[in-house]
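For reference, the structure discussed in these notes is given below.
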Amino acid sequence: SLRMNIHLKYRKTSSTNCIDLKEINMKIVKTIEEVRNITSQWRAEGMSVGLVPTMGFLHEGHKSLIDRAVSENDRVVVSDFVNPTQFGPSEDLEAYPRDINRDAELCEKAGAALIFDPEPSEMYYDDCEAYVNINSLSDELCGKSRPIHFKGVCTVVSKLFNIVKPDRAYFGQKDAQQLAIIKRMVRDLNFDVQIVGCPIIREADGLAKSSRNTYLGSEERKAALILSKAVKLGEDMAKSGENDAEKIVSKMKELINTEPMARIDYVEAVDAISIKPVKKMDGAVLVAMAVYIGKTRLIDNFIFEK
Ligand code: PAF
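Start counting the sequence shown at 82; every next residue gets the next number (the numbering used here).
Structure, rendered in structure tokens:
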């Protein structure tokens, strides 16, 4: 494994409220066995472990998850794995951006203790027969156009939970359906981990941060703003008392269709927990969208809770 030296800043420990100087040698680890050895040593020493699962090419959105994890756990593992089982045959698995050196620098600065960067052959046996699936929560939204996606996500996240055995795991609200699915999977399969959802991080002009933003050309980058504009429109309508979810969705679609480079995959209002379509803005409602800007498929959403 590769080693990096980090001199972690002074960190306040909540129990004693004293200042505790920790020196952590951040490691980049490629094997499951080594991750298990290191994390079980930490647990034996009474330390809590946070996990931030990622597919790498880290940005400010990931950094916000790592920061939160570092503030709530003694040790933080960031997994950096472009998971092949969550990509459909015509999707961007090969093109997905990767840069482990840049990722390592970001993790090191943020105070992570370990990056798990396995090869696909380390994570999946050629004759793998067992997968983790979820039923109705994957029927709507992204599940419609990406039918195998959430099976791949649930499988790899379960494997990461079994490998790292974290106390807490951190996921972004940008992938709202993924977050709802993982929470349900953890509940239904009794995983002993607390799932922490973290807010969407946006560029100054509103575009939600995403590794896929790097695919956008300069004209597309401008056109991509239509997603956050539609989010704002929908959220403002809901906040000002519009209770008809279909009306909100259709106004958002109308706005997106004014952008010639945009092609809607979906805009839908669903119950934020069950991911079932709703007609009224009652309870916690997730209004989510996927929109192609050229060939790049981007997602964005808001949750409105009365
Ligand atoms: O959100 C992601 O980046 C991925 O879906 C995840 C959770 C790391 C699983 O591969």
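Where is the CB? At the ideal position from N, CA and C, for every residue including glycine.
For the pair V159 and V312, the Cα-to-Cα distance works out to about 30 Å. Note on geometry: alpha-carbon atoms of R302 and N382 lie some 18 Å from one another. CA-CA distance, K246 to V130, rounds to 8 Å. The C-alpha of Q254 lies about 15 Å from the C-alpha of S355. In this structure, the straight-line span from the alpha carbon of T295 to that of A353 is close to 29 Å. Straight-line measurement puts the Cα of H230 at about 22 Å from the Cα of N271.
Between E340 and A304, the gap from beta carbon to beta carbon is short of 7 Å.
Distances taken from the Cβ of V234 to the heavy atoms of the ligand PAF include one shorter than 6 Å. Within the same chain, Cβ atoms closer than 8 Å to the Cβ of V234 are found at N164, Q167, Q259, I262 and I263, the five residues on either side in sequence being excluded. For the region 162-191, the continuous alpha helix (DSSP H) assignments of 4+ residues that do not extend past its boundaries occur at 181-191, in sequence order. Sequence-distant partners of I215 (beyond 5 residues in either direction) whose C-beta falls short of 7 Å from its own C-beta, in its chain, are F231, C235, I262, R265 and M266.
Taking all protein chains shown into account, S226 has fewer than 16 neighbouring C-beta atoms within 10 Å of its C-beta and is therefore exposed. Relative to the ligand PAF, the nearest heavy atom lies less than 6 Å away from the CB of P134. Counted as a single uninterrupted DSSP element, the stretch harbouring L297 is not any alpha helix (DSSP H), since DSSP gives it neither H nor E. Here A257 is near L367, since their CB atoms are less than 7 Å apart.
Contact fails between the region 333-347 and the region 270-289, because fewer than three Cβ pairs, one in each stretch, are under 8 Å apart.
S171 counts as exposed, since fewer than 16 other beta carbons sit within 10 angstroms of its beta carbon.
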